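Comments concern the structure below.
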Amino acid sequence: MVKVVGVRFKKAGKIYYFDPDKIDVKQNDFVIVETARGLEFGVVAVGPRDVEEEEIISPLKPVLRIALDEDFKLHKENKEKAKEAMSICAEKVKEHGLDMNLVDVEYTFDNNKVIFYFTADNRVDFRDLVKDLASIFKTRIELRQIGVRDEAKIIGGIGPCGQITCCTRFLGEFAPVSIKMAKEQSLSLNPTKISGLCGRLMCCLKYEQDTYEELLVNMPSVGAIIKAPDGTGVVISSYTLLERVRAKIKLADGTEDIFNYGIDEIELTGKYDPNYQRYGSNKDHTNAD
Numbered sequence: 003m004v005k006v007v008g009v010r011f012k013k014a015g016k017i018y019y020f021d022p023d024k025i026d027v028k029q030n031d032f033v034i035v036e037t038a039r040g041l042e043f044g045v046v047a048v049g050p051r052d053v054e055e056e057e058i059i060s061p062l063k064p065v066l067r068i069a070l071d072e073d074f075k076l077h078k079e080n081k082e083k084a085k086e087a088m089s090i091c092a093e094k095v096k097e098h099g100l101d102m103n104l105v106d107v108e109y110t111f112d113n114n115k116v117i118f119y120f121t122a123d124n125r126v127d128f129r130d131l132v133k134d135l136a137s138i139f140k141t142r143i144e145l146r147q148i149g150v151r152d153e154a155k156i157i158g159g160i161g162p163c164g165q166i167t168c169c170t171r172f173l174g175e176f177a178p179v180s181i182k183m184a185k186e187q188s189l190s191l192n193p194t195k196i197s198g199l200c201g202r203l204m205c206c207l208k209y210e211q212d213t214y215e216e217l218l219v220n221m222p223s224v225g226a227i228i229k230a231p232d233g234t235g236v237v238i239s240s241y242t243l244l245e246r247v248r249a250k251i252k253l254a255d256g257t258e259d260i261f262n263y264g265i266d267e268i269e270l271t272g273k274y275d276p277n278y279q280r281y282g283s284n285k286d287h288t289n290a291d
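Numbering (the working numbering), first residue to last: 3 to 291.
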């Protein structure tokens with residue numbers, strides 16, 4: 003086991019493990035740590051804990067100290083300089099006629115590098131831009147292209163639910179999301195209804211997916227032939243979270259009617275009615291991409 007602390011450098015950013023060494027570090031403390039790109043200012047998001055060696059990437063970088071007053075001052079100054087650098091870079095991008103959208107600017111804590119984050123639909127030749135920026139800021143310049151999900155995380159906004167986007171508030175990392183999840187959760191497959199501000203599938207599709215996958219194991223598919231208390235019939239729709247189905251049942255007098263049943267009230271015959279497959283079945287969802 004290895005003792006570590008988890009440090010975050012941006013709000014809702016990814017958490018990285020560091021060696022607290024002999025420093026008495028607590029959760030929510032601001033610290034100065036050594037990283038691959040130099041000294042950085044961050045906050046302890048995960049207090050001291052023991053983890054398996056397999057969970058970390060060796061060698062662990064150390065926590066150098068708990069942030070001092072001058073560290074807070076320098077961090078604040080870097081934030082102000084980043085705003086100015088954003089305006090300057092935006093003007094230079096316009097001057098060079100580059101088809102790119104500047105999203106954010108970041109100074110490393112030790113001022114050894116300025117990082118410009120941008121999005122672009124195509125490859126951008128920004129060599130001349132880098133030369134201009136280097137002559138202005140007199141330090142190392144890095145232009146880093148990011149995706150639309152990262153752009154939404156940085157800029158933020160209000161999602162379809164009326165809340166500030168999850169990626170801006172608390173998501174440290176993006177989890178894979180697929181259209182299969184929307185199908186299994188019986189959501190509309192209209193892209194405008196299941197896409198976030200970034201234009202990609204909403205991250206929240208992942209939140210309940212494990213529950214749906216667990217419940218769907220016992221749920222009959224639409225089109226399944228069942229034996230129910232009122233007779234034999236076919237499942238025409240299902241309510242996964244309620245573990246109930248809606249079925250068209252053929253009654254003893256030869257007529258048909260619609261009934262709702264809990265899955266513990268019915269028995270599958272192992273057959274399907276192909277006429278109902280057009281509505282989509284849980285079996286189809288399992289194989290969906």
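Ideal Cβ positions, reconstructed from N, Cα and C, are used throughout, including at glycine.
All values reported here derive from a predicted model rather than from experimental measurement.
Name the DSSP bridge partner or partners of residue i?
i	result
Gly44	Val33
Asn124	In the DSSP output, where bridge partners are listed per residue, Asn124 has none listed.
Arg142	Lys115
Ser240	Val247
Gly235	Ile228 and Ile251
Arg151	Note: Arg151 sits in no beta bridge, so no partner.
Lys5	Asp52
Asp106	Tyr119
Would you mind working out which of the options sits nearest residue i, comparing C-alpha positions?
i	options	result
Thr194	Lys96, Glu210, Ser188 and Leu203	Leu203
Ile58	Tyr119, Lys81, Arg142 and Lys5	Lys5
Thr170	Asp266, Asp152, Val179 and Val95	Asp152
Val33	Glu54, Arg51, Val7 and Tyr214	Val7
Leu41	Tyr109, Glu54, Ile251 and Pro178	Tyr109
Tyr214	Tyr263, Thr242, Met3 and Gly201	Thr242
Asp266	Thr257, Leu244, Ile251 and Gly256	Leu244
Gly99	Lys85, Ser180, Asp127 and Tyr119	Asp127
Ser240	Glu97, Val179, Asn262 and Tyr19	Asn262
Between which two residues does the beta strand (DSSP E) containing residue i stretch?
i	result
Asn1	What is shown of the chain runs 3 to 291, which leaves residue 1 out entirely.
Ala230	Ala226 to Ala230
Val65	Val65 to Ile68
Once the 5 residues before and after residue i are set aside, which same chain residues still bring their CB inside 6 Å of it?
i	result
Ile156	Val105 and Asp106
Asn284	Residue confidence is low: Asn284 scores 40 on pLDDT, short of 50, so the model does not pin down where it sits. No coordinate-derived value is stated.
Phe74	none
His287	With a pLDDT of 36 at His287, under the threshold of 50, the predicted position of this residue should be treated as unreliable, though the coordinate-derived value follows. Hits under 6 Å: Lys185 and Glu186.
His77	Phe43
Phe176	Arg151
Ile136	With the sequence shown as reference, residue 136 is identified as Ala, and Ile is not the correct amino acid for it. Excluding sequence neighbours, Ala136 sits near Ile143.
For residue i, which residues of its own chain have a beta-carbon under 8 Å away from its beta-carbon, when the five flanking residues on both sides are left out?
i	result
Ala38	Lys63
Leu253	Asp232, Gly233 and Asp259
Ile268	Pro222, Ile228, Lys229, Ala230, Val247 and Ala249
Thr167	Ala154, Lys155, Gly158, Gly159, Ile160, Gly161, Gly198 and Leu199
Glu144	Lys115, Val116, Ile117 and Phe118
Would residue i pass as a contact of residue j if the rule is Cβ separation under 8 Å?
i	j	result
Ala14	Phe172	yes
Ile90	Thr121	no
Phe139	Ala87	yes
Lys115	Thr141	yes
Val45	Arg10	yes
Asp21	Val65	yes
Val35	Pro50	no
Asp101	Asn80	no
In the DSSP assignment, the alpha helix (DSSP H) including residue i goes from what residue to what residue?
i	result
Thr170	Cys168 to Arg171
Phe11	That residue, Phe11, is in no alpha helix (DSSP H); it is neither H nor E in DSSP.
Tyr214	Gln211 to Leu218
Asp73	Asp71 to His98
Ile181	Ile181 to Glu186
Excluding the five sequence neighbours on either side, which residues of its own chain have a C-beta within less than 7 Å of the C-beta of residue i, listed in chain order?
i	result
Asn289	Unreliable positioning characterises Asn289 in this predicted model, as indicated by a pLDDT of 32, which lies under 50. A coordinate reading is not provided.
Asp275	Gly225, Ile227 and Val236
Cys206	Cys168
Asp134	Lys94
Ala69	Phe32, Val33, Ile34 and Phe43
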